[in-house]
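A.B. asks: Quick mapping for you: the protein sequence lines, in order, are chains A and B.
If you read the first sequence in our numbering, its first letter stands for residue 1, the second for the next number, and so on.
If you read the second sequence in our numbering, its first letter stands for residue 1001, the second for the next number, and so on.
Before we start, here is the structure in question, set down as structure tokens.
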Amino acid sequence: MNPRQTVGPLTGLRVVELADEKLQYCGKLFADLGADVIKIEQPGGDPARRIGPFYGGVPHPDRSIPFWYDNTSKRGITLNLAASDAQRLFRSLIQRSDVLLEARPPGYLPGLGLGYEELSQEHPRLVMTSLTPFGQHGPWKDLKISELVSMALGGPMASCGYDDHSVPPVRGGGGQGWHVAGHYAFLGTMMAVLRRQASGRGQWVDCSIHEALSCTTEGAAVAAMYEQKPVIRQTGRHATVTPSAPSQIQCADGRYVAGVGWLRVTDATWEQLVAWLGRDGMAMDLGDPRYRDVAVRAAEAGHIGEVLEAYCLTHTAEEVFRGAQALGLTWGLVRSPYEVVHDPHSQDRGYTVRVEHEDLGQSFQYPGAPYVFGVSPWGVRRRAPHVGEHNEEVYCGELGLPKERLTLLAEYGAI
Amino acid sequence: MDYRGPLSGIRVVDFSWIVAGPQATRILADFGAQVIRVEYEGRIDSIRMGNPSPGSASGSPNASGMFNNLNRNKLSITLNAVHPMGLELVKRLISVSDVVIENFRAHVMESWGLGYEEMAKIRPDIIYVAMSGFGHTGRHKMYSTWGPTAQALSGLTYMSGLPGVPSAGWGYSYMDHTAGYYGAAAILMALHHRERTGEGQFIDISQVECGMVLTGPAILDYSVNGRPYRRPGNPPGNHSTHPATAPHSTYRCAGEDRWIAISVFTDTQWAALCQAMGNPAWCREERFASRTARVEHQAELDHLVGEWTAHQDARELTHRLQALEVPAGLVQNARDRVEDDPQLRYRQFYPELDHPELGPHKFEGLPVHLSETPGSLRQAAPLLGQDTDVVLREILGLSDAEVAELAEAAVF
């Protein structure tokens, strides 16, 4: 199946993205599902293009790998919103669109006469989503954040790190602060799009990164609300009010299995677990009937852990993972991101996609989708746009601007 | 109930349990969907029984704060779906619903005789979302996950921690939240598609694949440049490799286990940080004179900044640095957020709702605010089976005699 020929569930939806590093992943969620996402960047390109790593290791605005990933399937134009002609162009683009995604500081767009109030007067069906560090209002609305700071203030970091508390809490990796924010911005926008089908009117969606992270910390918030207690961070497992046994164990090949648990298993699964260890003569004394009592297993958790550690040290992590899953135990294996892409199961599911970079004469393997739609599939329509790649297509082809005018706008830095 | 949200009028049959599925349906319920949890005492959601709230009745399926927070605004019916009469009721419920969601292992619904094909016979435009660990196809479809497993298998754990030592991973089930977000997103898009085309569909979600999309640049750096993620200096932990900048880390503050995150990207921010520190002589040394130099001498720099922060109050220092426009924030634990965060208080992020067994408690609020049709927190989580009668009579139109017959047959 060629994804370019498929029709995603958001086909027909036009989205204008006035994003930055924080919001561009949200735009990707729209674009890969079929929406026509037009990304507006400042002349010369968005600062996110300067974030590496880069193709070939050499900085270049069209070769930032995080930018490539977050901007698949979009079209890209440039526009300096502070130029007066630019605002007219922006307004006519908005007129032809369903959604505006923006991540400017609170008050910035209203200061240019381009706030929700003004835009919605001309276009009442517009859904406008504003993603900001703390939302549009409140005592912290103007504070400065980075992804690290957002993870600190919002709570995820306090739960993550090592048993050794002389080491600071460590945020989870991969820029997840922006992902969590982007997920909520997407959900809020889609709610408003659905509502518009019934009401005929758009609305303004105010999304706070701080709040998005604050409701993405699982049990920590519950412990605070019900027990008024903080949870204690631990290596490779849940932060808890009272410490728990290690669940990340090193194997013969130096790799780790994770999510190792046996306390809550049923008696039948316990028997199978002991039989599994016993096949290699490594069950030690766990076959003793007294371990059939869950209270004994809890009291002997340290000893049971040692038996499992000894087993792991004589088997590869992959063997332990598969053996445990065959028993119905939800154990995992600490894999690198690219390793999982080559996993036979991922290949069975056709998880990755190849994206053409015709400008480089190459195509690359990209991660696939978080969902498999039965009739309206996800798909990468095109690689991320180069700086201003679709200026002529959009301004002249769709907004009717004469080409000479486009040249003039470029000359005085409006595009 | 006169609340009208953007999803009012949408009915969801919710077989989901633990965290990932209920996270998805919490978002739908908060914005007005009628979410009907289908439960059964013989197959109880273990979150109902876990972490009972202090002072609650022991053994009650209604005493968990975790469950309460995740399942507010939903209804609960009890129904044994593997009993022939129970299955018949489930089918009747599906026939008047828009969405079915579950997060069982891949084979469970099929084994009940409720695969997508069967559902589509009952309700042709049904949207059925299956959230499993590994998806419904592929050689490992029968394997299962919980958050930490999915995090480990997707690469997220590997990317989290300090270089040269084992992974710190995630101290909670980040992937239960996130699989839930993708579950909700898929439903909203499928509803949009149904509005335009009249078509329903089956959506297969794998929790591991939901994690894999969050590691995109790491996968691409390997497939494009052949560069592995773990290498000297990586994973970055609290440092910043892209862009390379320093100081950018988490530093100890006064008090027990108190920390502040500070991110300096520009020379202006560096000058402001030096000013806050009282411009000590070391700030002017050549080894810290440019961003490149600061990155090169990051270890010494972290040590010096940390010596200074160690005597400061984390919250007070946050405000002092922010006043100088330096991105900085204390590492807030959950008590800090629930009790002492002025922004969350201003935004009324922790509203209170009363629960018949647990009494009044705070709940996590909503991070997206729709100007015309905001979400809302209307009622606490349902007691087990509290809405069975209402759903059977008012939604399915069963008579007293029919309900009595079902009760006799121990269907609920």
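Ideal placement from N, C-alpha and C gives every residue a C-beta, glycine not left out.
These numbers were taken from a predicted model, which means no experiment stands behind them.
Under 9 Å Cβ-Cβ, which residues of chain A neighbour B/H1297?
C.D. replies: The residue labelled residue 1297 of chain B in the question sits at position 297 within the second sequence. Here the premise fails: no neighbours, minimum Cβ distance about 19 Å.
A.B. asks: Which residues in the same chain have their Cβ closer than 7 Å to the Cβ of B/R1105, if we skip the five residues on either side of it in sequence?
C.D. replies: Position 105 of the second sequence, counted from the first residue, corresponds to residue 1105 of chain B. So the list reads S1132, M1142 and S1144, once near-sequence residues are dropped.
A.B. asks: Would B/L955 count as contacting chain A if we go by Cβ distances under 9 Å?
C.D. replies: Because chain B in this structure spans residues 1001 to 1412, residue 955 of chain B falls outside the shown range and cannot be described.
A.B. asks: Taking the CB atoms as reference points, tell me whether B/I1126 and B/V1099 lie closer together than 9 Å.
C.D. replies: Looking up residue 1126 of chain B in the second sequence gives position 126. Looking up residue 1099 of chain B in the second sequence gives position 99. Yes, the Cβ-Cβ distance between B/I1126 and B/V1099 is below 9 Å.
A.B. asks: Select from A/R201, A/G135, A/P367 and A/V274 the residue whose C-alpha is nearest the C-alpha of A/P106.
C.D. replies: Residue numbering aside, residue 106 of chain A sits at position 106 when the first sequence is read from its first letter. The candidate whose alpha carbon is nearest that of A/P106 is A/G135.
A.B. asks: The alpha helix (DSSP H) with A/F364 in it runs from where to where?
C.D. replies: Your numbering for residue 364 of chain A matches position 364 in the first sequence. Unbroken run through A/F364 is the beta strand (DSSP E), Q362 to Y366; no alpha helix (DSSP H).
A.B. asks: Let me check one thing: in DSSP terms, what residues is A/P333 bridge-paired to?
C.D. replies: Working through the first sequence from its first residue, we reach residue 333 of chain A at position 333. Strictly speaking, residue 333 of chain A in this sequence is Leu, with Pro absent from that position. DSSP output for A/L333 lists A/V257 as bridge partner(s).
A.B. asks: DSSP has A/I38 in a bridge; who is on the other side?
C.D. replies: As a working note, residue 38 of chain A is residue 38 in the first sequence. Answer is A/V16 and A/R75, bridged to A/I38.
A.B. asks: Just by C-beta distance, which residues in the segment 368 to 399 of chain A are closer than 8 Å to chain B?
C.D. replies: If the cut-off is 8 Å between Cβ atoms, the segment 368 to 399 of chain A has G368, A369, P370, Y371, V372, F373, G374, V375 and S376 near chain B.
A.B. asks: Under 8 Å, with one C-beta from each stretch per pair, do the segment 187 to 203 of chain A and the segment 243 to 252 of chain A reach the 3-pair mark?
C.D. replies: Touching, no, given that fewer than three Cβ pairs across the two stretches are closer than 8 Å.
A.B. asks: Check the Cβ-Cβ distances between A/N2 and every residue of chain B, and say whether any is below 9 Å.
C.D. replies: As a position in the first sequence, residue 2 of chain A is number 2, starting the count at 1. With a pLDDT of 40 at A/N2, under the threshold of 50, the predicted position of this residue should be treated as unreliable, and no value is reported.
A.B. asks: Residue range of the beta strand (DSSP E) that B/W1259 falls in?
C.D. replies: Locating residue 1259 of chain B in the second sequence gives position 259, counting from the first residue. B/W1259 -> beta strand (DSSP E) spans W1259 to S1263.
A.B. asks: Mind pulling the chain B residues with CB within less than 7 Å of A/Y162?
C.D. replies: Along the first sequence, read from residue 1 onward, the residue named residue 162 of chain A stands at position 162. The contacting residues are A1168.
A.B. asks: What's the call for A/L263, buried or exposed, on a 16-neighbour Cβ count within 10 Å?
C.D. replies: Within the first sequence, residue 263 of chain A is the residue found at index 263, counting from 1. Burial call: exposed.
A.B. asks: Is there at least one Cβ from chain A nearer than 9 Å to B/H1303's Cβ?
C.D. replies: Position 303 of the second sequence, counted from the start, is the residue given in the question as residue 1303 of chain B. No, B/H1303 does not count as interfacial toward chain A.
A.B. asks: Would you identify the three-state DSSP class for A/D206, choosing helix, strand or coil?
C.D. replies: The residue given as residue 206 of chain A occupies position 206 in the first sequence. Three-state DSSP puts A/D206 in a strand.
A.B. asks: Out of A/S336, A/M282, A/Q42 and A/L33, point me to the one whose CA is closest to A/A86's CA.
C.D. replies: Counting from one through the first sequence, the residue named residue 86 of chain A turns up at place 86. Ranking the options by Cα distance to A/A86, first place goes to A/Q42.
A.B. asks: Contact criterion: CB-CB distance below 9 Å. Does A/D253 meet it with respect to chain B?
C.D. replies: Your numbering for residue 253 of chain A matches position 253 in the first sequence. No, because no Cβ of chain B sits closer than 9 Å to the Cβ of A/D253.
A.B. asks: Any Cβ of chain B within less than 9 Å of the Cβ of A/I38?
C.D. replies: If you number the first sequence from 1, residue 38 of chain A lands on position 38. Not an interface residue.
A.B. asks: From this set, B/P1235, B/L1304 and B/V1295, which residue's C-alpha is nearest B/A1281's C-alpha?
C.D. replies: If you number the second sequence from 1, residue 1281 of chain B lands on position 281. Comparing Cα positions, the closest option is B/L1304.
A.B. asks: If we define contact as Cβ-Cβ less than 9 Å, is A/L13 a contact residue for chain B?
C.D. replies: What you label residue 13 of chain A is simply residue 13 of the first sequence in a count that begins at 1. Yes, A/L13 counts as interfacial toward chain B.
A.B. asks: Under the three-state reduction of DSSP, which class applies to A/V416: helix, strand or coil?
C.D. replies: For residue 416 of chain A there is no data in the structure shown, the boundaries of chain A being 1 and 415.
A.B. asks: Can you check which of these residues, A/R354, A/E218 and A/S92, is closest to B/Y1172 by C-alpha distance?
C.D. replies: Counting from 1 along the second sequence, the entry for residue 1172 of chain B is found at position 172. Nearest option by C-alpha distance: A/E218.
A.B. asks: Assess, as a yes-or-no matter, whether the segment 1147 to 1166 of chain B is touched by the segment 331 to 339 of chain A under the definition of 3 or more beta carbon pairs within less than 8 Å.
C.D. replies: Contact between the segment 331 to 339 of chain A and the segment 1147 to 1166 of chain B is present, because at least three Cβ pairs lie under 8 Å.
A.B. asks: Need the endpoints of the beta strand (DSSP E) that B/D1204 sits in, please.
C.D. replies: On the second sequence, position 204 is the one that residue 1204 of chain B refers to. Here the beta strand (DSSP E) through B/D1204 covers Q1201 to S1206.
A.B. asks: Cβ of A/T129 within 9 Å of Cβ of A/L112?
C.D. replies: Against the first sequence, residue 129 of chain A aligns to sequence position 129. Against the first sequence, residue 112 of chain A aligns to sequence position 112. The answer is no: Cβ separation not under 9 Å.
A.B. asks: Quick check: what's the CA-CA separation for A/E318 versus B/A1150?
C.D. replies: Stepping through the first sequence from its first residue, residue 318 of chain A is reached at position 318. Stepping through the second sequence from its first residue, residue 1150 of chain B is reached at position 150. Roughly 15 Å between the two C-alpha positions.
A.B. asks: Taking only the alpha-carbon atoms, compute the straight-line gap between A/D36 and B/L1383 and give it to the nearest angstrom.
C.D. replies: Reading the first sequence from its first residue, position 36 is the one you call residue 36 of chain A. Reading the second sequence from its first residue, position 383 is the one you call residue 1383 of chain B. If I take the Cα positions, the gap works out to 45 Å.
A.B. asks: With respect to the alpha helix (DSSP H) encompassing B/R1320, which residues constitute its N-terminal and C-terminal limits?
C.D. replies: Residue numbering aside, residue 1320 of chain B sits at position 320 when the second sequence is read from its first letter. Its alpha helix (DSSP H) spans residues A1314 to A1323.
A.B. asks: Is A/K141 buried or exposed, if buried means 16 or more other CB atoms sit within 10 Å of its CB?
C.D. replies: As a working note, residue 141 of chain A is residue 141 in the first sequence. A/K141 comes out buried.
A.B. asks: Looking only at DSSP bridge pairs, what is B/Y1174 linked to?
C.D. replies: For the purposes of this step, residue 1174 of chain B is taken as residue 174 along the second sequence, with counting starting at 1. Beta-bridge pairing links B/Y1174 to no other residue.
A.B. asks: Taking only beta-carbon atoms, is B/I1260 less than 9 Å away from chain A?
C.D. replies: Taking the second sequence and counting its residues from 1, one reaches residue 1260 of chain B at position 260. Yes, B/I1260 counts as interfacial toward chain A.
A.B. asks: Run down chain A in chain order and give the residues with a C-beta less than 7 Å from the C-beta of B/G1065.
C.D. replies: The sequence position of residue 1065 of chain B within the second sequence is 65, counting from 1. By Cβ distance, chain A contributes V222, M225 and Y226.
A.B. asks: With DSSP as the reference, label A/R4 as helix, strand or coil.
C.D. replies: Position 4 of the first sequence, counting from 1, holds the residue named residue 4 of chain A. In this prediction, A/R4 has a pLDDT of 39, which is less than 50 and means its spatial position is unreliable; what the coordinates show is noted afterwards. In the structure shown, A/R4 sits in a helix (DSSP, three-state: H, G or I).
A.B. asks: Counting only beta-carbon atoms, is B/C1274 nearer than 9 Å to chain A?
C.D. replies: Against the second sequence, residue 1274 of chain B aligns to sequence position 274. Closer than 9 Å: no.
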